[in-house]
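A short write-up of the structure that comes next.
Chains as they are written, first to last, in the numbering used here: chain R, 1419 to 1527; chain A, 18 to 129.
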């Protein structure tokens, strides 16, 4: 079965502290992994996809196939990072996304 | 540059009524998806259209839910005889081959 697990509903960190949002997945095959972000009063938007291996807004995520994880990391959190973060997977091609339940990141000044 | 557009943004209706939600995908995007997000939950897949292929309806929760798409343009999601558990934000996304999905703002549906 395809499943994405984000164990933390809420994560609060101080500004300047490191951030790690956890994501584990279950999928038979080779999935594509994504992080989507939703800022207050904005639409859901793509933050990262594992195949592009980019760093966006200082965030990175590495796909660990052995641990079936795709944790999102940032060395120094900023207040503007406060948002809802969703980890998602899909099969190859334009297949529908399977989402985790999301983690709300709150960065405290 | 227009993104994915959904209407209405909010819909309040009485239990038992039918509702129709609309999605305008990004021009040229062959794939269109509907998702539902109930309070405190992640997004759950409902239905997926890819070009002229038969839609993947595997996520529709009951036969009260249906969706149509005209070619590679507008899609409508219809919920018949609405129930209170249908209250949710309904999100539409579109994509082109090999590219990630772009989401609309969603329709917040409230069933009284």
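All residues carry an ideal CB built from backbone N, CA and C; glycine is no exception.
Proximity to residue i [Cα-Cα], best of the options
i	options	result
residue 70 (chain A)	A:76, A:56 and A:86	A:86
residue 1459 (chain R)	R:1501, R:1431, R:1424 and R:1481	R:1501
residue 1469 (chain R)	R:1428, R:1487, R:1449 and R:1475	R:1449
residue 1493 (chain R)	R:1504, R:1483 and R:1473	R:1473
residue 68 (chain A)	A:50, A:117, A:38 and A:100	A:50
residue 90 (chain A)	A:107, A:25, A:80 and A:112	A:112
residue 107 (chain A)	A:44, A:37 and A:75	A:37
Cβ pair residue i, residue j closer than 8 Å
i	j	result
residue 125 (chain A)	residue 35 (chain A)	no
residue 88 (chain A)	residue 22 (chain A)	no
residue 1462 (chain R)	residue 1453 (chain R)	no
residue 105 (chain A)	residue 93 (chain A)	no
residue 118 (chain A)	residue 1519 (chain R)	no
7 Å Cβ cut-off: residues of chain R touching residue i
i	result
residue 77 (chain A)	Residues of chain R passing the Cβ test: none, with the nearest at roughly 12 Å.
Beta-carbon neighbours of residue i, restricted to chain R and to distances below 8 Å
i	result
residue 50 (chain A)	1514 and 1515
CB contact below 8 Å: residue i versus chain A
i	result
residue 1475 (chain R)	no
residue 1522 (chain R)	no
residue 1434 (chain R)	no
residue 1488 (chain R)	no
Cβ shell of residue i (< 6 Å), same chain only, five flanking positions each side left out
i	result
residue 1438 (chain R)	1489 and 1491
residue 48 (chain A)	67 and 112
residue 1432 (chain R)	1526
Within chain A, the residues that residue i reaches when beta carbons sit closer than 7 Å
i	result
residue 1461 (chain R)	120, 121 and 122
Proximal residues to residue i (C-beta, below 7 Å), its chain only, five neighbours per side dropped
i	result
residue 32 (chain A)	99, 100, 101, 128 and 129
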